[in-house]
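Visitor: Let me give you the structure first, and then I'll get to my questions.
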Amino acid sequence: MTHVDTIPLAPLTVPTKTGSRSASRSRFTPLRAVPGLPPVRPGDAGAVRFGSQDITDAEGRVVAHDLLFRWNTATQPDSLAPGEFLASAMLCNGLLDAAVAGRTPEGLLFIALDEPTLMSPLAELVAEQFGVVDLTDAVAIDTPVLMRVAQLRASGRRFCIDGVRDVADPRWLLAPYADYLKLDLVMARPEHWAPLVNQAMRCGLEVIGKRVESVSSHQRLSELGVTRFQGHFIAPPIDVSVPALPGCDSAVVLKAQRLLADRASVNAVAIAVSADPALVMRLLVLHRLYAAPTSQEPASLAALLAALPVSLLSGWVRALLQAACHDQGAAWVRSVRAQLARYRQSLGRGTASPGEELESAAWQFQRRLCSPRHYVKTLRHSS
Numbered sequence: 001m002t003h004v005d006t007i008p009l010a011p012l013t014v015p016t017k018t019g020s021r022s023a024s025r026s027r028f029t030p031l032r033a034v035p036g037l038p039p040v041r042p043g044d045a046g047a048v049r050f051g052s053q054d055i056t057d058a059e060g061r062v063v064a065h066d067l068l069f070r071w072n073t074a075t076q077p078d079s080l081a082p083g084e085f086l087a088s089a090m091l092c093n094g095l096l097d098a099a100v101a102g103r104t105p106e107g108l109l110f111i112a113l114d115e116p117t118l119m120s121p122l123a124e125l126v127a128e129q130f131g132v133v134d135l136t137d138a139v140a141i142d143t144p145v146l147m148r149v150a151q152l153r154a155s156g157r158r159f160c161i162d163g164v165r166d167v168a169d170p171r172w173l174l175a176p177y178a179d180y181l182k183l184d185l186v187m188a189r190p191e192h193w194a195p196l197v198n199q200a201m202r203c204g205l206e207v208i209g210k211r212v213e214s215v216s217s218h219q220r221l222s223e224l225g226v227t228r229f230q231g232h233f234i235a236p237p238i239d240v241s242v243p244a245l246p247g248c249d250s251a252v253v254l255k256a257q258r259l260l261a262d263r264a265s266v267n268a269v270a271i272a273v274s275a276d277p278a279l280v281m282r283l284l285v286l287h288r289l290y291a292a293p294t295s296q297e298p299a300s301l302a303a304l305l306a307a308l309p310v311s312l313l314s315g316w317v318r319a320l321l322q323a324a325c326h327d328q329g330a331a332w333v334r335s336v337r338a339q340l341a342r343y344r345q346s347l348g349r350g351t352a353s354p355g356e357e358l359e360s361a362a363w364q365f366q367r368r369l370c371s372p373r374h375y376v377k378t379l380r381h382s383s
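In full-length UniProt numbering, the protein residues as written are 1 to 383.
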């Protein structure tokens, strides 16, 4: 018996063209975890990890988090990992794997990107629905960077200026494109705190006190009008381990990347993507994450892909290649492929319906097999 066979599915019928069903959708919230999800611990072979640190308001309510990179295993490479890999792992682990486990940090996510990553397609992935690009002092202030930030801002991305030391800091050139300023109490000298807060308020930036380590520094910031705080005095960073989603097939992801780069039709991309159940599952999560609240449930895989901007798909394919192509869940992937093949055969033998309706029925079956909640149930039943 396979993993998928342990979970019965409701009978499926071939839908009619007029029988499409729409559902109202809200802004992204983490998928609710299925009770009985097998626990994971740091270092478990089937776990992925990320970190987070609370950002609170003046009343101590958590309103946002920093999303932080963590290695999935205790063994770390000797060489410095590229920033694109770090960002890819943060996004894949903290948004996709964590969403399926119901462990995505609530509120806005502040995600730090270095300069090469900011200039890459990965920056497109930090959408305004859930995220803020944290521009740390690792990002130099020059014309290409300013142009890139302006371009991303025009497409709706939000920014936080991080690492400003005084009112003469060239990082203030980012202010017209930003919504937040992180006032680092270690980097900025105490005599500069008040001028920095005043200038931020004049620029319309919300100030977040960063590295708040004591009652006195918290009180001082409060007196200056700061209402957002982060630091060990508020809450230390925490590590989160969640069950890894099945690994993507790198050959399929590479093919999808080439097709997107060649501007192939959405149907051609869908045919390629459909060969990898792990990739289809992640696309279902991405549709929930990025699609408009009023959008309908996609009637086909091609419709799902068409609902997402090409730049977004290209960025996620790049991230998945770096952080989501692994061997976890290989048995589940084989099982889903086999069940889908059998279902297609049964459809072909048992109905005279047009090919379009058969494909719609096959997509409904694949969507249910690849749904995050169904996958989590297979983990529970196989543990």
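Where a beta carbon is used, it is the ideal one built from N, C-alpha and C, also for glycine.
With distances taken from CA atoms, which of Glu106, Tyr180, Ala319 and Val100 is nearest Leu135?
Guide: To locate residue 135, count along the sequence shown from 1; it is residue 135. The option with the nearest alpha carbon to Leu135 is Tyr180.
Visitor: Check whether the Cβ of Gly83 lies closer than 8 Å to any Cβ atom in chain B.
Guide: The structure shown contains no chain B; it is built from a single protein chain.
Visitor: With burial defined as no fewer than 16 other Cβ atoms inside 10 Å of the residue's Cβ, what is the status of Leu31: buried or exposed?
Guide: As a working mapping, residue 31 is identified with position 31 in the sequence shown. Reliability of the predicted coordinates at Leu31 is poor, the pLDDT of 44 falling under 50, and the value obtained from them is presented with this limitation in mind. Its Cβ being crowded by 16 or more others within 10 Å, Leu31 is buried.
Visitor: Assign His381 to one of two classes, buried (16 or more other C-beta atoms within 10 Å of its C-beta) or exposed (fewer than that).
Guide: For the purposes of this step, residue 381 is taken as residue 381 along the sequence shown, with counting starting at 1. Under this definition His381 is an exposed residue.
Visitor: For the alpha helix (DSSP H) containing His218, list its first residue and its last residue.
Guide: Indexing the sequence shown from 1 puts residue 218 at position 218. That run of the alpha helix (DSSP H) goes Val215 to Glu223.
Visitor: Quick one: Cα of Arg202 to Cα of Asp327, how far?
Guide: If you number the sequence shown from 1, residue 202 lands on position 202. If you number the sequence shown from 1, residue 327 lands on position 327. Each residue's Cα considered, the two are about 52 Å apart.
Visitor: Please report the distance separating the alpha-carbon of Glu191 from that of Asp137.
Guide: Indexing the sequence shown from 1 puts residue 191 at position 191. Indexing the sequence shown from 1 puts residue 137 at position 137. Cα to Cα, Glu191 sits roughly 20 Å from Asp137.
Visitor: Which whole-angstrom value is the C-beta distance of Gly83 and Pro237, which I expect to be below 8 Å?
Guide: Along the sequence shown, read from residue 1 onward, the residue named residue 83 stands at position 83. Along the sequence shown, read from residue 1 onward, the residue named residue 237 stands at position 237. Gly83 to Pro237, Cβ: 19 Å. No contact.
Visitor: Nearest to Pro116 by CA position, among Val145, Ala101, Val100 and Gly102, is which residue?
Guide: Numbered from its first residue, the sequence shown carries residue 116 at position 116. The shortest Cα separation from Pro116 among Val145, Ala101, Val100 and Gly102 belongs to Val145.
Visitor: Could you name the residues of the same chain whose beta carbon sits closer than 8 Å to that of His65, not counting the 5 residues immediately before and after it, in chain order?
Guide: As a working note, residue 65 is residue 65 in the sequence shown. Within the same chain, His65 has close Cβ partners Ser52, Gln53, Asp54, Ile55, Pro105, Glu106, Gly107, Leu108, Leu109 and Phe110.
Visitor: Verify whether the separation of the beta carbon atoms of Leu260 and Ser314 is less than 8 Å.
Guide: Counting from 1 along the sequence shown, the entry for residue 260 is found at position 260. Counting from 1 along the sequence shown, the entry for residue 314 is found at position 314. Yes, they are a contact pair.
Visitor: Between Ile141 and Ser335, what straight-line distance do the alpha-carbon atoms span, to the nearest angstrom?
Guide: Here residue 141 refers to the residue found at position 141 of the sequence shown. Here residue 335 refers to the residue found at position 335 of the sequence shown. Computed Cα separation, rounded: 51 Å.
Visitor: I need the boundaries of the beta strand (DSSP E) containing Arg241, first residue and last residue.
Guide: Translated into the one-based positions of the sequence shown, residue 241 becomes position 241. Rather than Arg, the amino acid found at residue 241 in this sequence is Ser. First-last of the beta strand (DSSP E) with Ser241: Ile238 to Pro243.
Visitor: According to DSSP, is Val63 part of a helix, a strand, or is it coil?
Guide: Numbered from its first residue, the sequence shown carries residue 63 at position 63. Here Val63 sits in strand by DSSP.
Visitor: Would you say Leu308 and Val273 are within 8 Å of each other, going by their C-beta atoms?
Guide: Translated into the one-based positions of the sequence shown, residue 308 becomes position 308. Translated into the one-based positions of the sequence shown, residue 273 becomes position 273. Their beta carbons are not under 8 Å apart, which means Leu308 does not touch Val273 by this criterion.
Visitor: What's the gap between the Cα of Val233 and the Cα of Val266?
Guide: Within the sequence shown, residue 233 is the residue found at index 233, counting from 1. Within the sequence shown, residue 266 is the residue found at index 266, counting from 1. Note that residue 233 is Phe in the sequence shown, not Val. If I take the Cα positions, the gap works out to 50 Å.
Visitor: Measure the C-alpha to C-alpha separation of Thr18 and Tyr375 and round it to an integer number of angstroms.
Guide: What you label residue 18 is simply residue 18 of the sequence shown in a count that begins at 1. What you label residue 375 is simply residue 375 of the sequence shown in a count that begins at 1. Because Thr18 carries a pLDDT of 35, less than 50, the predicted location of this residue cannot be relied on, and no value is offered for it.
Visitor: Per DSSP, Lys210 is paired with what?
Guide: Walking along the sequence shown from the start, residue 210 turns up at place 210. DSSP, once it has assigned bridges, lists Asp184 as partnering Lys210.
Visitor: CA-CA distance, Asp5 and Ala341?
Guide: Reading the sequence shown from its first residue, position 5 is the one you call residue 5. Reading the sequence shown from its first residue, position 341 is the one you call residue 341. In this prediction, Asp5 has a pLDDT of 41, which is less than 50 and means its spatial position is unreliable; what the coordinates show is noted afterwards. Those two C-alpha atoms are separated by around 14 Å.
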